[in-house]
Amino acid sequence: MKKQECIECGDRLVGRQDKKFCSDNCRSQYNNRLNSDQSKFVRNINNVLRRNYRILQRLNPQGKSKVSRDDLVALGFNFRYFTNEYVTKAGKVYRFCYNQGYLSLEENYFAIVERKDYVL
Ligand SMILES: [Zn+2]
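Numbering (my numbering), first residue to last: 122 to 241.
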């Protein structure tokens, strides 16, 4: 049978088979670390989204514009993260960072649009 150890400190566990921690202290240390890793993950993604949003906003002061992929990349735009997608009846896919959206056009260009209304 496998030796049971505390998953936080590695101390030998005594008692119930389903125990994972040797003490409440280890349990809360473990959970705190897990939570802070998770909030770091969320924070990093929020930062990417916010940066994307600021870039789109800056390139789109009139609420409608056309930019090249290079312009976006040069400013640090990250195409992997966006908040939502909007598919038109014609099948065009707009990707949004909050209310700033972009649509891939031909030849590495993008249309940027601003949405006034909030859509669920
Ligand atoms: Zn422990």
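We put the CB at the ideal spot given by N, CA and C, even for glycine.
Determine the DSSP secondary structure at Phe231, reduced to helix, strand or coil.
strand
Can you confirm whether the region 193 to 207 touches the region 136 to 155 when touching is taken to mean that 3 or more C-beta pairs between the two stretches lie within less than 8 angstroms?
no
Would you check if the distance between the CB atom of Tyr219 and the CB atom of Phe231 is smaller than 8 angstroms?
no
Which class does Tyr151 belong to by DSSP, given the choice of helix, strand or coil?
helix
Using the Cα positions of Arg133 and Asn152, report the straight-line distance between them to the nearest angstrom.
19 angstroms
Is Asp132 near ligand 1, going by C-beta to nearest heavy atom under 7 angstroms?
yes
Following the continuous alpha helix (DSSP H) through Leu224, name the residue where it begins and the one where it ends.
Looking at the DSSP string, Leu224 is not in any alpha helix (DSSP H); the run it does join, the beta strand (DSSP E), is Gln221 to Ser225.
Helix, strand or coil at Tyr202 according to DSSP, with G and I counted as helix:
coil
Range of the contiguous beta strand (DSSP E) that encloses Arg216
Val214 to Cys218
To which residues of the same chain is Glu129 closer than 8 angstroms at the C-beta, ignoring the five residues directly before and after it?
Phe142, Cys143, Cys147, Arg148, Gln150 and Tyr151
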